[in-house]
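Read the structure below first, then the notes.
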Amino acid sequence: MPKSAVPAAADTYALTRETVDEANEAWLLLHDGDLLIAFVDIIDCGHELWITDIAVHPDYRGHGLASRLLNAVIHENPGSDIALSCCAITVDLWEWPKGIAGLPTEALAAWYARYGFRPDPNEDTEDRMARVS
Numbered sequence: 017m018p019k020s021a022v023p024a025a026a027d028t029y030a031l032t033r034e035t036v037d038e039a040n041e042a043w044l045l046l047h048d049g050d051l052l053i054a055f056v057d058i059i060d061c062g063h064e065l066w067i068t069d070i071a072v073h074p075d076y077r078g079h080g081l082a083s084r085l086l087n088a089v090i091h092e093n094p095g096s097d098i099a100l101s102c103c104a105i106t107v108d109l110w111e112w113p114k115g116i117a118g119l120p121t122e123a124l125a126a127w128y129a130r131y132g133f134r135p136d137p138n139e140d141t142e143d144r145m146a147r148v149s
């Protein structure tokens with residue numbers, strides 16, 4: 017059960033960062049009190065940043081939280097190429113309702129396209145999208 021009966025505007029929640037230096041990995045997190053409500057996981061691969069996951073708690077969707085996180089990644093890394101695998105995920109976090117998937121892949125691809133991501137498949141990732149600086 018979310019802290020707020022009605023989710024607040026995306027910029028209301030404090031954005032925090034956690035890093036795993038040995039993995040060149042960073043997490044941008046949004047919390048409502050103690051509840052994790054949204055996150056993005058980024059790995060610095062050297063030649064590009066790779067977004068492994070971006071997810072929003074089901075009760076908080078539709079309020080711009082994923083947009084805030086994606087914009088933060090883009091604006092904190094000017095001049096960096098950013099790539100991701102564009103596929104729907106189901107997040108199984110202990111504090112989130114189980115089995116609720118995010119956007120279907122087609123809708124997700126359209127959402128990423130609004131931020132400058134374009135299809136860029138390669139031999140490893142057929143559903144790869146990239147935003148080239």
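In the numbering used here, the protein residues as written are 17 to 149. Backbone N, C-alpha and C fix where the C-beta goes; we use that ideal spot for every residue, glycine too.
Beta-carbon proximity of residue i to residue j, cut-off 7 angstroms
| i | j | result |
| --- | --- | --- |
| Ala42 | Ile58 | yes |
| Ile105 | Pro74 | no |
Three-state secondary structure assigned by DSSP to residue i
| i | result |
| --- | --- |
| Pro120 | coil |
| Pro18 | Model confidence at Pro18 stands at a pLDDT of 49, short of 50, so the residue's coordinates are unreliable; what they give is reported in the following sentence. If DSSP states are grouped into helix, strand and coil, Pro18 belongs with coil. |
| Asp27 | helix |
| Glu34 | strand |
| Asp48 | strand |
| Pro94 | coil |
| Pro137 | coil |
| Ala125 | helix |
Residue i classed as buried or exposed, judged by whether at least 16 other C-beta atoms fall within 10 angstroms
| i | result |
| --- | --- |
| Met17 | With a pLDDT of 43 at Met17, under the threshold of 50, the predicted position of this residue should be treated as unreliable, though the coordinate-derived value follows. Answer is exposed; the Cβ neighbour count stays below 16. |
| Arg130 | exposed |
| Lys19 | Note that Lys19 scores 49 on pLDDT, short of 50, meaning its location in the model is unreliable; the coordinates nonetheless yield the value given after this. By the 10 Å Cβ count, Lys19 comes out exposed. |
C-alpha gap between residue i and residue j, whole angstroms
| i | j | result |
| --- | --- | --- |
| Leu44 | Ile67 | 11 angstroms |
| Met145 | Cys103 | 10 angstroms |
| Arg77 | Glu142 | 27 angstroms |
| Arg134 | Gly80 | 21 angstroms |
| Val72 | Phe55 | 7 angstroms |
| Thr32 | Ala123 | 27 angstroms |
| Ala125 | Leu65 | 18 angstroms |
| Leu100 | Glu34 | 20 angstroms |
Per DSSP, cross-strand counterpart(s) of residue i
| i | result |
| --- | --- |
| Ile58 | Ala42, Ile67 |
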